[in-house]
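Asker: Heads up, the sequence shown is in numbering that gives the first Met the number 0, so the first residue is 0 and it goes up one at a time.
Just so it is clear, CB atoms sit at the ideal spot from N, CA and C, and this is done for glycine as well.
Computed from a predicted structure; not experimentally measured.
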Amino acid sequence: MSAAPVLVTGGAGYIGSHTTLCLLQAGFDVLVLDNLSNSSPESLRRVAELAGRAPVFVEADLRDRQALENVFSHYRPASVVHFAGLKAVGESVEQPLRYYENNVQGSLALFEAMQAHDCAQLVFSSSATVYGDPESLPIDESESIKPTNPYGQTKAMIERIILDWGQAWPALRGLLLRYFNPVGAHPSGRIGEDPQGIPNNLVPFISQVAVGRREALQIFGSDWPTPDGTGVRDYIHVMDLAEGHLAALRALDGLNGVQPVNLGTGQGTSVREMVDQFARASSREIPVVEAPRRAGDIATCYADPGHAAQLLNWRARRGVDEMCADTWRWQRDNPQGFKI
Ligand code: NAD
Ligand code: WQD
0 MSAAPVLVTG GAGYIGSHTT LCLLQAGFDV LVLDNLSNSS PESLRRVAEL
50 AGRAPVFVEA DLRDRQALEN VFSHYRPASV VHFAGLKAVG ESVEQPLRYY
100 ENNVQGSLAL FEAMQAHDCA QLVFSSSATV YGDPESLPID ESESIKPTNP
150 YGQTKAMIER IILDWGQAWP ALRGLLLRYF NPVGAHPSGR IGEDPQGIPN
200 NLVPFISQVA VGRREALQIF GSDWPTPDGT GVRDYIHVMD LAEGHLAALR
250 ALDGLNGVQP VNLGTGQGTS VREMVDQFAR ASSREIPVVE APRRAGDIAT
300 CYADPGHAAQ LLNWRARRGV DEMCADTWRW QRDNPQGFKI
């Protein structure tokens, strides 16, 4: 590696692999650190195939301080995009200690290594889940932080740690990217989301129904105060999200301190609308059954994306039709995900 690389933690995962590809194509050298606890090295092999060059890959756990020390002293990254973490809401309710340990301890170890090596540029994967049930819509960055589950608490805590760290270390420049609902896949169909076991999220579940791996989608609540009674969310294409990270990295140079930024489209889509779009994109029937509301769910959530437009000069460009078409291509060509 010649120029100082970008360190991408969790870069073998869903959003990390798409972002790694985007950074390689933009000319960055990329160093991925991942323990593969929720991903496959095949994702990075395919990223290399699409980019025509490979990221450096270090298989290590973020909580392994010696491994971090080796990575920072050997590669001297200039900036960090920090994706690595556990992300399943329901699992975090069952196993809160594991979530706090992995997400918070891992982040602390990373931040200490960054400061020890004078690496002062950070892009952090936060989530709209930090807003809990919002007081007003669309949600802007001044909305209060009140997560409703341990996973969301880890994101809020890590945001707090980064803000306090920035107060103590004025050289630090950080962006706390609050993603809304990432979906979709690279248009080649070569990389995409590969959930282990039963998918927790709507679009992976619908696509497994479409490909015949599952019988029917359960719609969690048809009596929400929304136009068609089903939950409304701000789905964002993972390629838009990846480009948002590229824009964030570029914006760090001119930034002062640390601040949060929503990454969403500003458009709400209901569960029923998403099912209809996916049926059209895949030319498959998507059987549905009405089920009770899921614990912890809210009616409606969508972003005010204005701050990202102004600060990062970035806007989501892809619509729900493209999100479904690209998810379907990935699912159809890789019915078992990265397992060959
Ligand atoms: P993912 O599980 O596909 O990717 C996370 C990666 O981190 C995986 O490859 C995993 O192996 C790795 N990892 C986890 N713990 C690690 C550790 N201790 N050391 C090293 N590697 C570790 O998830 P994703 O959907 O790509 O999400 C990436 C980030 O974005 C996460 O922090 C997640 O909380 C956040 N986020 C995701 C969503 C979403 O809906 N996908 C929404 C908002 C925020
Ligand atoms: C979307 C809509 C469900 C599955 C989650 C996390 C959040 C963030 C993004 C990480 C809701 C409905 C779902 C199903 C359904 N992740 N649904 N049947 O809950 O908005 O956000 O992912 O940060 O933290 O909470 O996304 O895709 O699970 O649900 O009817 O089988 O689809 O009720 O209305 P959610 P989701």
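Could you please go through the chain and list the residues whose beta-carbon is closer than 6 Å to any non-hydrogen atom of the ligand WQD?
Answerer: Checking every Cβ against the heavy atoms of the ligand WQD under 6 Å gives K86, V88, S126, T128, N180, N199, N200, L201, F204, L216, Q217, I218, F219, G230, R232, V270, R293, D296.
Asker: Measuring from the CB of N34, is there a heavy atom of the ligand NAD at a distance below 7 Å?
Answerer: Counting from 1 along the sequence shown, the entry for residue 34 is found at position 35. N34: yes, Cβ under 7 Å from the ligand NAD.
Asker: Pair every Cβ in the segment 150-157 with every Cβ in the segment 84-103, then say whether three or more of these pairs are closer than 8 Å.
Answerer: At 8 Å Cβ cutoff, the stretches touch.
Asker: Is Y130 helix, strand or coil by DSSP?
Answerer: Locating residue 130 in the sequence shown gives position 131, where the first residue counts as 1. Residue state, collapsed to three classes: helix.
Asker: Within a Cβ cutoff of 8 Å, which residues of the same chain sit near P286, ignoring the five residues on either side of it in sequence?
Answerer: Here residue 286 refers to the residue found at position 287 when the sequence shown is read from its first residue. The answer, listed in chain order, is V208, E214, A215, L216.
Asker: In this structure, how does DSSP classify L174 when only helix, strand and coil are distinguished?
Answerer: Here residue 174 corresponds to residue number 175 of the sequence shown, with the count starting at 1. In this structure, L174 counts as strand in the three-state DSSP scheme.
Asker: Which two residues bound the contiguous beta strand (DSSP E) that contains N180?
Answerer: The count along the sequence shown starts at 1 and reaches residue 180 at position 181. From DSSP, the beta strand (DSSP E) with N180 extends over 180-182.
Asker: Pull up the distance between the alpha-carbon of L32 and that of E289, whole angstroms please.
Answerer: Your numbering for residue 32 matches position 33 in the sequence shown. Your numbering for residue 289 matches position 290 in the sequence shown. Distance between the alpha carbons of L32 and E289: 41 Å.
Asker: Can you check DSSP and say which residues form a bridge with L216?
Answerer: Within the sequence shown, the letter at position 217 stands for residue 216. V287.
Asker: Hey, out of S72, I160, S125, E41, whose CA is closest to N333's CA?
Answerer: Taking the sequence shown and counting its residues from 1, one reaches residue 333 at position 334. Selected option, being the one with the closest Cα: E41.
Asker: Which of helix, strand or coil does DSSP assign to V57?
Answerer: The count along the sequence shown starts at 1 and reaches residue 57 at position 58. Here V57 sits in strand by DSSP.
Asker: If you scan the segment 66-130 from start to end, which runs of the alpha helix (DSSP H) of 4 or more residues do you find wholly inside it?
Answerer: Within the segment 66-130, the complete alpha helix (DSSP H) runs of at least 4 residues are 88-93, 95-98, 105-115.
Asker: So is V31 in contact with chain B if we call contact Cβ pairs under 8 Å?
Answerer: In the displayed structure, chain B is absent; only one protein chain is listed.
Asker: Would you say the beta carbon of S124 comes nearer than 7 Å to a heavy atom of the ligand NAD?
Answerer: Residue numbering aside, residue 124 sits at position 125 when the sequence shown is read from its first letter. True, at least one ligand heavy atom lies under 7 Å from that Cβ.
Asker: For E192, is the classification buried or exposed, using 16 other Cβ atoms within 10 angstroms of its Cβ as the cut-off for buried?
Answerer: Your numbering for residue 192 matches position 193 in the sequence shown. The residue is buried, with at least 16 neighbouring Cβ atoms inside 10 Å.
Asker: What did DSSP end up calling T229 once you bin it into helix, strand or coil?
Answerer: As a working mapping, residue 229 is identified with position 230 in the sequence shown. Correct three-state label for T229: coil.
Asker: For the beta strand (DSSP E) holding A335, just list the boundary residues, first then last.
Answerer: Reading the sequence shown from its first residue, position 336 is the one you call residue 335. Correcting the residue type first, residue 335 is Gln in the shown sequence and not Ala. Where Q335 is concerned, there is no enclosing beta strand (DSSP E), given that its DSSP letter is neither H nor E.
Asker: Terminal residues of the continuous alpha helix (DSSP H) containing V202?
Answerer: If you number the sequence shown from 1, residue 202 lands on position 203. Start and end: 201-209.
Asker: Which residue comes first and which comes last in the alpha helix (DSSP H) that contains Y150?
Answerer: What you label residue 150 is simply residue 151 of the sequence shown in a count that begins at 1. Looking at the DSSP string, the run of the alpha helix (DSSP H) that includes Y150 is 149-167.
Asker: Evaluate N102 with the Cβ neighbour count: other Cβ atoms within 10 Å of its Cβ, from every protein chain shown; 16 or more gives buried, anything less gives exposed.
Answerer: Here the question's residue 102 lines up with position 103 in the sequence shown. It is buried - the Cβ of N102 has at least 16 other Cβ atoms within 10 Å.
Asker: Flag this pair as yes or no: are the beta carbons of C118 and S78 separated by less than 8 Å?
Answerer: Working through the sequence shown from its first residue, we reach residue 118 at position 119. Working through the sequence shown from its first residue, we reach residue 78 at position 79. Yes. Within cutoff.
Asker: For T264, report the span of its beta strand (DSSP E) as first-last.
Answerer: Translated into the one-based positions of the sequence shown, residue 264 becomes position 265. That residue, T264, is in no beta strand (DSSP E); it is neither H nor E in DSSP.
Asker: Could you give the distance in angstroms between the alpha-carbon of N199 and the alpha-carbon of I205?
Answerer: As a first step, residue 199 must be located in the sequence shown, where it is residue number 200. As a first step, residue 205 must be located in the sequence shown, where it is residue number 206. Using only the alpha carbons, I get a separation of about 11 Å.
Asker: Under the DSSP definition of a beta bridge, which residues are partnered with T268?
Answerer: Here residue 268 corresponds to residue number 269 of the sequence shown, with the count starting at 1. BP columns for T268 point to R232.
Asker: Taking T8 as part of the beta strand (DSSP E), name the residues at either end of that continuous run.
Answerer: For the purposes of this step, residue 8 is taken as residue 9 along the sequence shown, with counting starting at 1. Where T8 is concerned, the enclosing beta strand (DSSP E) stretches over 5-8.
Asker: Can you tell me the Cβ-Cβ gap for L30 and P76, rounded? I've got them flagged as a contact below 8 Å.
Answerer: Counting from one through the sequence shown, the residue named residue 30 turns up at place 31. Counting from one through the sequence shown, the residue named residue 76 turns up at place 77. About 6 Å separates the two Cβ atoms, so the contact holds.
Asker: Please say whether T264 and V231 have beta carbons closer to each other than 8 Å?
Answerer: For the purposes of this step, residue 231 is taken as residue 232 along the sequence shown, with counting starting at 1. For the purposes of this step, residue 264 is taken as residue 265 along the sequence shown, with counting starting at 1. No. Outside cutoff.
Asker: Would you say the beta carbon of I138 is closer than 7 Å to some non-hydrogen atom of the ligand NAD?
Answerer: Taking the sequence shown and counting its residues from 1, one reaches residue 138 at position 139. No, the Cβ of I138 stays beyond 7 Å of every heavy atom of the ligand NAD.
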